[in-house]
Structures are given as C-alpha cells and as structure tokens.
Amino acid sequence: MIKHILKLIWNQRRANVWLFLELLLVTAILWVMLDALLVDTYTYHQPTGFDIENVYEVKLAKKALSTDSTQSDGENLLRLAENLRQMPGVTDVALMRNACPYLWYTMFASLVSAEDTARHVELSRLYVVTPDYFKLFRMRDANGDDLYSQVMSHEGDVVLSKELSKSLFNSFSATGKAVKWSAASDDRMGIAAVSSSIAQSDFDRPGPCWFALLRTDQDVLDDYNQWNDLLYYQCALRMRDGFEPERMADFLRAQGDRLEAGDIYVSSVSPVSDYRADRLKSRLDDQKKKSALVGFMLVNIFFGIVGTFWLRTQSRRMELGLRAAIGASKQRLRLELLTEGLILLLATLPLILLFIANMLLMDLLDTYRLAYTWWRFSAVLLVVYLLMGGMICLGIHFPAGRIARMNPAEALHDE
705 MIKHILKLIW NQRRANVWLF LELLLVTAIL WVMLDALLVD TYTYHQPTGF
755 DIENVYEVKL AKKALSTDST QSDGENLLRL AENLRQMPGV TDVALMRNAC
805 PYLWYTMFAS LVSAEDTARH VELSRLYVVT PDYFKLFRMR DANGDDLYSQ
855 VMSHEGDVVL SKELSKSLFN SFSATGKAVK WSAASDDRMG IAAVSSSIAQ
905 SDFDRPGPCW FALLRTDQDV LDDYNQWNDL LYYQCALRMR DGFEPERMAD
955 FLRAQGDRLE AGDIYVSSVS PVSDYRADRL KSRLDDQKKK SALVGFMLVN
1005 IFFGIVGTFW LRTQSRRMEL GLRAAIGASK QRLRLELLTE GLILLLATLP
1055 LILLFIANML LMDLLDTYRL AYTWWRFSAV LLVVYLLMGG MICLGIHFPA
1105 GRIARMNPAE ALHDE
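Given below as structure tokens:
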C-alpha cells in the first residue's frame, strides 16, 4: 500500500509540492513558537530558592530630627529587629543589606577559590544577611535539607550557591573550604554551607551568588558603621500561616511603640509577593501575549490545514467513488488518504531538522535559560508533529467518510 501511495503522490507532484511547502512553513512557525513557550514555562515553574509566602518587607526610615543621642543607628536597628520578633504572630525576622528578593537593587562581587586562585568568578550576586534570613525564606541547601540548620551547625563566613560552588570547586560539597575576594587577598572566608540554586526572579536562570553572613550583633554594627546609611538595609518578617495581608494595617496600629527604636521607625510593611507581582508583570504580560499568539496561530493553522485537506479530499471525490464502485473497501480508502497526508507531513521532517540545526548554529534559540537537550528537542518536535498530524487527520477523515458512503451508481454516473 505504501508503494502505491508514494506512486500516487509522485503522479500528483505539481499539486503536492504546494501542499508540501505549506506544511513545511506552518510546521517551522509552530515549532519556533512552541519552543519559546516551553522555555518560558519551564523556567517559570522552577524554584527560585526563596519561599516568600507570608513574608513582608519592613520599610525603615529615620527621623529628620534626632531624638536619641545615646545609641547609634546600628544599635537602634538591632533593637527594632528585636521588637519585631516580640510581636504576636511574627515567627521570623531577619536583617539584610540589598538582599530582599524581587527588589531591583543588587550587589555584585568577584570571588576566588582559596585552594586554586585560577578558579574564580568575576561577577556573582552578593547578599549580606543575618543567619535568620535562611529561616525566614525557608531556604534549602544543595542536598535539599534545611539551610539554616546547616549554617548554624558549621563555622564559616559565607554561603555559596550550587552554581558558584561548582564554578570554584567543581563540586557541590564546598562546606569547610575557603574563598577570597581576589587572588592577591590574604583574607580567607570559610564556607558554612552550599545553598540550592538561587534565581533573581521566576523567569531568570539560577546564577552564581553568595551570602556574606552577619552572625553576631557586632557583625551587624560593624557592617552598618561601614556603610552608615539606612537606605542600604532591609528588614523582613514572616507572619504565622493563615495571616491575611488585609489585616496588616490594623495589626501594626496595635503594636504602638514597638515600631520604633530611637531615631529609626517602621514606615510601612509590604508583602514580598507584591514585589514579585510588580517585577513579573511585564514578563507575565509577554507570556500571556505569547500564549494568545500561539492559540491564535493554532486556530488559523487548524482551519487552514483542515480546510486544505478537506478541499483536497473533496476534489478527488469522483476518483475515490469510482474505486469504491469497483470494490475498494471504505476502510481501505480512508486509510490510504490518511496515510498519504501523513507521508506528506513526514516528508517535511528532514528540512525541519535542517532548520533547527541552522537556528542553533546562528544562536537564535534561548539556550541560556534552558540547554538544548534531547528531551527539549524531542518534546517540542513530537508535540508539533502530533498537532499537525491530528489536523491533517481531521481534514481527511470527515470528507473521506462521506465519499466512502457515496452510492457507487452515483460515482459511475459522474465519472
């Protein structure tokens, strides 16, 4: 049967070449759109490394006129953090410098392996945090265990992400080793733990980053005295499960003097989830536009392909009716038509593979966020050809069924 179908396709090559080009173009367009959609969807559903549910950023401000000359701003900052810990319903509080997730400010620094200074990373994100930061955001280590427990049970000044640990030590087990700011630096910083992958936002690929630890109150004071500006520092707290954000304003009003310490006070409290929504708004809008475009294209492709094969099958009505009249079974006619359409579709595969290879060579695919592996290649190609094959089958099945039910006498009369 296949040999017979191939002969039919060749005999009708003038009509089939235009159909082949249409299938080739539509398949290529559909592949590009679905591949881009896969990268965005896959990246979006990967963990960022932070659990921000019930976490709020506490905006800090300083009084214009100083009313307390007995304690420094750093000491007042520590007192205010302790006040927040004592508030009912608050489970965790952490201080940090430029380290709150989904906010735009970010610090970068270079880091060198103390064991082999040839292994270094020029730019890696730097977060300066107290150890409670890891408990606040319920972070995990490279093995999936609680990161806060690992940090508290090991000595060390820094925590590396998996990606940075791999770059500097070619391993995810860097705990107990040391890093330096530069090859010429004499200051060695011990590694307390290795965290899971950390991404800046849901649509970003996890990158190398590290956390400088402010383990003690004195570490916080020393760091604050070095920067000497409240604008660089943030405080965040986690409320107990079930707390509703709408109740936050009433909750704060009930705290009274706990919301200030010396010249520093709480100006407002915002859910970190709001920052996430703001940061992802444009990307989610783009994602919705891509999804809508893919949906629109699928509808157009559906009607185009179904309509093309419907008309093509209808145009062969007399031929098929005549074959039915001289003894060809209805099932065989339908099977031959379906096989013919699918063979035309499969004929596009070599050129589609060449198109994909060309896209890779020209670096037109997003391989930064998602490596072009066999599963990505297979998943997109399989979905594309299943969709195209389904549309072709629909375009052939119904008119072929009507033709197969046609009265043989009518077919002979028309012929």
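Note that my numbering has the sequence shown beginning at 705, numbered continuously upward.
We put the CB at the ideal spot given by N, CA and C, even for glycine.
| Item | Value |
| --- | --- |
| Please state if the CB of residue 1096 and the CB of residue 1013 are separated by a distance shorter than 8 Å. | yes |
| Determine whether the beta carbon atoms of residue 912 and residue 867 lie at a separation below 8 Å. | yes |
| If we require 3 or more residues per run, which beta strand (DSSP E) segments fall completely within the stretch 840–875? | 862–865 |
| Beta-carbon separation of residue 917 and residue 861 under 8 Å? | yes |
| Could you pull the start and end residues of the beta strand (DSSP E) that residue 826 belongs to? | 824–833 |
| Thinking residue 800 and residue 938 are a contact (beta carbons under 8 Å), I'd like their distance in whole angstroms, please. | 5 Å |
| Can you give me the C-alpha to C-alpha distance between residue 845 and residue 914, rounded to a whole angstrom? | 12 Å |
| Please report the straight-line C-alpha distance between residue 808 and residue 814, rounded to a whole angstrom. | 20 Å |
| Quick check on the DSSP output: the alpha helix (DSSP H) that includes residue 1061 runs from which residue to which? | 1053–1065 |
| Is it right to say residue 733 is buried, meaning 16 or more other beta carbons lie within 10 angstroms of its own, or is it exposed? | exposed |
| Mind checking which residues open and close the alpha helix (DSSP H) that includes residue 748? | 717–748 |
| On the three-state DSSP scale, how would you describe residue 894? | strand |
| In chain order, what residues of the same chain have a beta carbon less than 8 Å from the beta carbon of residue 974, not counting five sequence neighbours either side? | 760, 761, 763 |
| Would a C-beta distance cut-off of 8 Å place residue 878 and residue 894 closer than the cut-off? | no |
| Using the rule of at least 16 other Cβ atoms within 10 Å of the residue's Cβ for burial, across every protein chain shown, is residue 721 buried or exposed? | exposed |
| Between residue 1100 and residue 1041, how many whole angstroms is the CB-CB distance? I'm expecting something under 8 Å. | 5 Å |
| Using DSSP bridges, identify the partner residues of residue 796. | 942 |
| Excluding the five sequence neighbours on either side, which residues of its own chain have a C-beta within less than 8 Å of the C-beta of residue 660, listed in chain order? | Absent from the model: residue 660. The displayed extent of the chain is 705 to 1119, so no value can be given. |
| According to DSSP, is residue 947 helix, strand or coil? | coil |
| Pick from 946, 941, 746, 936: whose alpha carbon is nearest that of residue 956? | 941 |
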